[in-house]
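Chemist: Okay, handing you the structure first.
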Amino acid sequence: MRRGTRAGAAVAAYRRARWWATRVMGLSFPFVLGEACVAPLSGRGGWLVGIGAAVLFCAFFWAFWIGCAVTAAWCRRD
């Protein structure tokens with residue numbers, strides 16, 4: 001990716017976001033799986049699809065676990 005282009009800036013921003021998500025918040029699993037799912041689509045612009053897939057997968061992954069925790073707490077109430 002060439003430096004100084006909008007695409008290069010977007011990729012750099014994505015890499016910073018992925019670093020924070022994986023190192024700081026421990027979200028590496030959804031990012032890795034989301035990117036692996038779209039690896040066959042790689043090519044020109046394929047990284048953009050990878051970003052979208054990783055973000056959507058993270059959202060659904062954490063929504064699922066939060067939903068499970070809320071449901072379990074609701075079912076345990078007396």
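Using full-length UniProt numbering, the first residue of the sequence shown is number 1, and each one after it goes up by one. Beta carbons: idealized from backbone N, C-alpha and C, even for Gly.
#1: Please tell me whether Ala-63 has its Cβ less than 9 Å away from any Cβ of chain C.
#2: Which class does Arg-76 belong to by DSSP, given the choice of helix, strand or coil?
#3: In chain order, what residues of the same chain lie with their CB nearer than 6 Å to the CB of Ile-51, ignoring the 5 residues before and after it?
#4: Would you tell me roughly how many angstroms separate the C-alpha atoms of Arg-18 and Ala-72, rounded to the nearest one?
#5: Using a 10 Å radius around the Cβ and a threshold of 16 neighbouring Cβ atoms, would you call Ala-54 buried or exposed?
Modeler: The structure says:
#1: The displayed structure is made up of one protein chain only, and chain C is not part of it.
#2: helix
#3: Tyr-14
#4: 30 Å
#5: buried
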